[in-house]
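First comes the structure, then the notes that go with it.
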Amino acid sequence: MGIDLHIVTQQVVVYALIALGFTMMLRATELVNFAQGELVMSGAFIGYTLLVVTPLPYLAVFIVASILTGILGMLIERVALRPIRMRQSPLLNLIIATIGIGICLRLVSQLIWGAAPLRYPVSVGQVGHLVVAGLPMSIQHIWIIALAVLSMLGLHYFFERTLPGIAWRASAYDSYTAEILGVSFDRVVTMTFGISSMLAGAAGVLIAPLFFVAQDLWLQGPRSFAGAALGQFHILGTMIGGPILGLLETFAAGYISSAYKNGIAFGVTIIVLMLVAIPRMPRGGSLVFRYGRQSIADLFELNDKQAARLRYAMSAALGVLAFLLPLLLDT
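When we follow the numbering used here, the leftmost residue of the sequence shown carries the number 3, and every step to the right adds one.
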């Protein structure tokens, strides 16, 4: 089976956008927002509505839908998550709350737009083809890749050159010291939800033209979480890990079987989290990672020899499962 390199390129850059949202959230708030995929879906539906009911061009729809999804994310943080956080509830309560929020977003989208998949309208400015590096590419594909890359560059500029971005980095590195210096942690959390939701909304508008707009777009979230894990939950690492995951997933689907597509993403997530990067949050410090046998030894209270044996056993079991599960699902 052949692979459309245009589709591959678009998917990998969009994966990077979604994965960046996960990384930002985990770095700044220690929280994994499992509603990130539903925010991707929400951005796609909002963009579809704007294209259908307004005369706005695709670029304007991309900007407006991203902003509206960012506002939705901030509302979710203010209304649903902040009261739980203010009661100093365990982090697990917040994670479960994000899962519930994701389910609610899916149900609301089904009530508003229905369960039938919707095809994204093609704007006039997206029609036609250009030749890039000797390869013919549709203008629509060029728009998607260019906007995704510009979004990542804009995010990098925000963190490196603006005061709010520098404040976010300070809080993510050491929230206690940053708060002493006047950086409000609550504002950082709200800003994080807003920016990560904007990234999700942008990804939704970018990826929707490749597929139908439907509730199952939320699955882009868990897949992209694997890219964030592969990038060790670092901003720059995620920009690399997201595309790497997209390439692995697409080539596995193209050259082995499409049944392996989801298995690759979730298999990478399990392997990275269990065997490579066990997150540790030292008291008063930033999120750091322990690697390899040492992380397993710490997690299961084993010596190095036992940890090495356990790592090899888990790797072998995961490898067997990764190849057998798609075959079992097909049958």
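In this text, a Cβ means the ideal position worked out from N, Cα and C, and glycines have one as well.
- Do Ser198 and Met43 have their C-beta atoms closer together than 9 Å? Sequence index remark: in the sequence shown, residue 198 carries index 196 (1-based). Sequence index remark: in the sequence shown, residue 43 carries index 41 (1-based). Cβ atoms of Ser198 and Met43: not closer than 9 Å.
- Which whole-angstrom value is the C-beta distance of Leu120 and Phe214, which I expect to be below 8 Å? By one-based count along the sequence shown, residue 120 stands at place 118. By one-based count along the sequence shown, residue 214 stands at place 212. So it is a contact: roughly 6 Å between Cβ atoms.
- Taking the alpha helix (DSSP H) that Ser186 falls in, what are its first and last residues? Counted from its first residue, the sequence shown places residue 186 at position 184. If you look at Ser186, you'll find it isn't in any alpha helix (DSSP H); DSSP assigns it neither H nor E.
- Return the bridge partner residues of Leu120 from the DSSP annotation. One-based indexing of the sequence shown puts residue 120 at position 118. According to DSSP, Leu120 bridges with Val215.
- Message: Beta-carbon within less than 8 Å of Asn95's beta-carbon, same chain only, minus the 5 sequence neighbours each way: which residues are those?
- Response: Working through the sequence shown from its first residue, we reach residue 95 at position 93. Ile86.
- Message: If you reduce the DSSP assignment to three classes, tell me which class His143 lands in.
- Response: Here residue 143 is taken as the residue at index 141 of the sequence shown, counted from 1. It is helical.
- Task: Grab the span of the alpha helix (DSSP H) containing Phe47 for me, first residue to last.
- Result: Position 45 of the sequence shown holds residue 47. Where Phe47 is concerned, the enclosing alpha helix (DSSP H) stretches over 38–55.
- Query: Are the stretch 192–207 and the stretch 43–62 in contact at 8 Å, needing three or more beta carbon pairs?
  - Reply: yes
- Can you tell me whether Gln112 is buried or exposed, with buried defined as 16 or more other CB within 10 angstroms of its CB? By one-based count along the sequence shown, residue 112 stands at place 110. Flag for Gln112 reads exposed.
- Query: Hey, Ile103 and Ala37 are a contact pair by Cβ (cut 8 Å); roughly how many whole angstroms apart?
  - Reply: Locating residue 103 in the sequence shown gives position 101, counting from the first residue. Locating residue 37 in the sequence shown gives position 35, counting from the first residue. Confirmed, Cβ separation roughly 4 Å.
- Message: Helix, strand or coil for Gln234? Go by DSSP, reduced to three states.
- Response: Along the sequence shown, read from residue 1 onward, the residue named residue 234 stands at position 232. Gln234 falls in the coil class under three-state DSSP.
- Message: Given a cut-off of 9 Å on the beta-carbon distance, is the pair Gly239 and Leu232 in contact?
- Response: Counted from its first residue, the sequence shown places residue 239 at position 237. Counted from its first residue, the sequence shown places residue 232 at position 230. Going by C-beta atoms, Gly239 is nearer than 9 Å to Leu232.
- Query: CA-CA distance, Gly294 and Ile78?
  - Reply: Indexing the sequence shown from 1 puts residue 294 at position 292. Indexing the sequence shown from 1 puts residue 78 at position 76. Reliability fails at Gly294, whose pLDDT of 45 lies under 50, so the model's placement of it is uncertain and the value that follows must be treated cautiously. If you take the alpha carbons of Gly294 and Ile78, they lie about 37 Å apart.
- Buried or exposed: Gln90, going by 16 or more other Cβ atoms within 10 Å of its Cβ? Working through the sequence shown from its first residue, we reach residue 90 at position 88. The residue in question, Gln90, is exposed, as its Cβ has fewer than 16 Cβ neighbours within 10 Å.
- Task: Could you confirm whether any beta carbon from chain D is found closer than 9 Å to the beta carbon of Leu113?
- Result: Included in the structure is just one protein chain, with no chain D present.
- Straight-line gap, Val190 to Leu19 (C-alpha atoms, nearest Å): For this step, residue 190 is matched to residue 188 along the sequence shown. For this step, residue 19 is matched to residue 17 along the sequence shown. Between Val190 and Leu19, the C-alpha separation is close to 20 Å.
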